[in-house]
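One line per chain: the protein sequences are A and B, in this order.
Residue 107 in UniProt numbering sits at position 107 of the first sequence, with consecutive numbering throughout.
Residue 124 in UniProt numbering sits at position 124 of the second sequence, with consecutive numbering throughout.
Protein chains: 2
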Amino acid sequence: MRKNKTSPSPRSDRLHLDRFIPYRLSVLSNTVSMNIARAYAREFDLSIPEWRVLAVLARYPDLSAVDVAERSAMDKVAVSRAVQSLLASKRLVRSYDKVDRRRSVLRLSAAGQSVYTRVAPLALGYEQRLMSALSATERRSLDRLLSVLLERAQQMK
Amino acid sequence: MRKNKTSPSPRSDRLHLDRFIPYRLSVLSNTVSMNIARAYAREFDLSIPEWRVLAVLARYPDLSAVDVAERSAMDKVAVSRAVQSLLASKRLVRSYDKVDRRRSVLRLSAAGQSVYTRVAPLALGYEQRLMSALSATERRSLDRLLSVLLERAQQMK
DNA sequence: AGCAAGTAGTTACAATTGCAACCATTGCCG
DNA sequence: CGGCAATGGTTGCAATTGTAACTACTTGCT
Numbered sequence: 001m002r003k004n005k006t007s008p009s010p011r012s013d014r015l016h017l018d019r020f021i022p023y024r025l026s027v028l029s030n031t032v033s034m035n036i037a038r039a040y041a042r043e044f045d046l047s048i049p050e051w052r053v054l055a056v057l058a059r060y061p062d063l064s065a066v067d068v069a070e071r072s073a074m075d076k077v078a079v080s081r082a083v084q085s086l087l088a089s090k091r092l093v094r095s096y097d098k099v100d101r102r103r104s105v106l107r108l109s110a111a112g113q114s115v116y117t118r119v120a121p122l123a124l125g126y127e128q129r130l131m132s133a134l135s136a137t138e139r140r141s142l143d144r145l146l147s148v149l150l151e152r153a154q155q156m157k
Numbered sequence: 001m002r003k004n005k006t007s008p009s010p011r012s013d014r015l016h017l018d019r020f021i022p023y024r025l026s027v028l029s030n031t032v033s034m035n036i037a038r039a040y041a042r043e044f045d046l047s048i049p050e051w052r053v054l055a056v057l058a059r060y061p062d063l064s065a066v067d068v069a070e071r072s073a074m075d076k077v078a079v080s081r082a083v084q085s086l087l088a089s090k091r092l093v094r095s096y097d098k099v100d101r102r103r104s105v106l107r108l109s110a111a112g113q114s115v116y117t118r119v120a121p122l123a124l125g126y127e128q129r130l131m132s133a134l135s136a137t138e139r140r141s142l143d144r145l146l147s148v149l150l151e152r153a154q155q156m157k
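As C-alpha cells, then:
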C-alpha cells in the first residue's frame, strides 16, 4: 500500500472512473458473477453459460438453441457450446423438431433437473443475501432502474 | 421467431432468469460496455483495459502498476498487458521509483493525454444519454444502490 | 419443380483472459 | 551481515470467448 495522493477535485468534464456508471456496473456485475460462479462451479462442475442454459430450460422446456439464446441474452455459439457439454454430462436431452429438422428441442434430463433443483436455491440464496443490504423500497427501485436502463441501453445499440 | 409458449407462473422458490438480479446486472453491464467499446475501440484503437488504465492515470498520474490495478479493480496481469501496449503505442511513459526499483511510475505522454481528452467526452456523453432515461432523483438513487450493493458483494467474497 | 436467400446450429481459428510459475528487488528478523 | 518471506511486475500456457465461415435444412419466388 502506498502513501495517499490528495484527490484531484472532480470536474464535470473530466471522467473519474469511480463515479462513472458503466464502470461501476461492470465492477459490481463482475464481483457478483464471480461470487456466484465460485459457489456452483466447483461444487457442480457448471460453467456460467451452462448454468444459464439450464435455468432457461428448467423454466421453458423444449426450446430450441436459438430460443435459449434469445431468452438468456447469450449468443448462439455460446449456447451451442454449453449445450454440447450439458449433453456430454447427460444433463440435457436433445431431440429435433419434426416439421423443421434444423431445430433442436432441448429438455433437462433427470440429472439436469436434479442439478438445477440443487443449484437454484444456492443462487437464490446468494441473491437474497446480496439484496438484504437493501430495504424493500430500494429493491423495487433497483428493479425498476435496471429495467429502464437496459431498455435504453438496448435501444442505443 | 417461434410460437409463444405460455409463461409458467412465477414461484418464489423457482428461479427465473429475467427476474434474477445478478443475471440482469450482467446483461445490462455487458450491453453498456459493448456499446461504449464500439465507440472508442475502432476509432482510437483502444481496448477496454487500456482505456481504464488511461483514465486512472489521467486522474492520478505517477501511480505504479499495482496502484493502477487497485484503483481500477483490474488484476495486475491485465494492467501489465495494457501498460505494455500503451507503452508500445507511446501513449504512456514509464520510469521507476528511485527508492524502490521494482515500482514503476506511470504517466500519460502527450499523445496519451490527447487520446484521453478526445475519448473522455465520448464516454461521458454516452453515460449522459444512458442516464437521461432517469430522473435526477432516480439517478441519485441508482448511485447509492450501486455503492451499497458493491460494498455488500465485496464483503460476501 | 428448381433455385436463391434465409435460418439453425456447428466448427475452426484468432484474440482475450486467467492462473501459476517465475525473476528481481526489498524488508524483516535472527 | 545473511537468508527468507513478501512485493512488483512479467511471461508462458491453458481455458474461454468472439468472429467468420461452413453445412444442413427450409422457405419463398418464379
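Every residue, glycine too, gets a C-beta built ideally from N, C-alpha and C.
- Going by C-alpha positions, ARG91(B) is about 11 angstroms away from TRP51(B).
- Excluding the 5 residues flanking it on each side, MET74(B) has same chain C-beta neighbours closer than 7 angstroms at PRO49, ARG52, in chain order.
- Contact annotation: LEU63(A) and VAL115(A) have beta-carbon atoms that are not nearer than 9 angstroms.
- The region 88 to 103 of chain A makes no contact with the region 138 to 150 of chain A; the number of CB pairs closer than 8 angstroms stays below 3.
- Contact between LEU150(A) and VAL27(B) holds: CB atoms are separated by about 6 angstroms, below the 8 angstroms threshold.
- When the Cα atoms are used, ALA133(A) and ARG152(B) turn out to be separated by approximately 7 angstroms.
- Against LYS157(B), the close residues of chain A are ASN35, in the order they occur along the chain (beta-carbon pairs closer than 7 angstroms).
- Counting C-beta pairs with one atom in each stretch, the region 15 to 29 of chain B and the region 21 to 36 of chain A have three or more that are closer than 8 angstroms, which means they touch.
- Cβ proximity to chain A below 7 angstroms picks out ALA123, LEU124, GLU127, ARG129, LEU130, MET131, ALA133, LEU134, GLU138, SER141, LEU142 from the region 123 to 142 of chain B.
- Listed in chain order, the alpha helix (DSSP H) elements of length 4 or more contained wholly in the region 52 to 115 of chain B are 65 to 72, 76 to 88.
- Distance from SER29(A) to SER29(B) at the Cβ level is roughly 4 angstroms; contact confirmed, criterion being Cβ atoms closer than 8 angstroms.
- Contact between SER72(B) and LEU17(A) is confirmed by a C-beta separation of about 6 angstroms, below the 8 angstroms threshold.
- With a cutoff of 9 angstroms on beta-carbon distance, PRO61(A) and LEU108(A) are scored as near each other.
- Rounded to the nearest whole angstrom, the C-alpha separation of SER135(B) and THR137(A) is 17 angstroms.
- By the neighbour-count criterion, in which 16 or more other beta carbons inside 10 Å mark a residue as buried, SER104(B) falls on the buried side.
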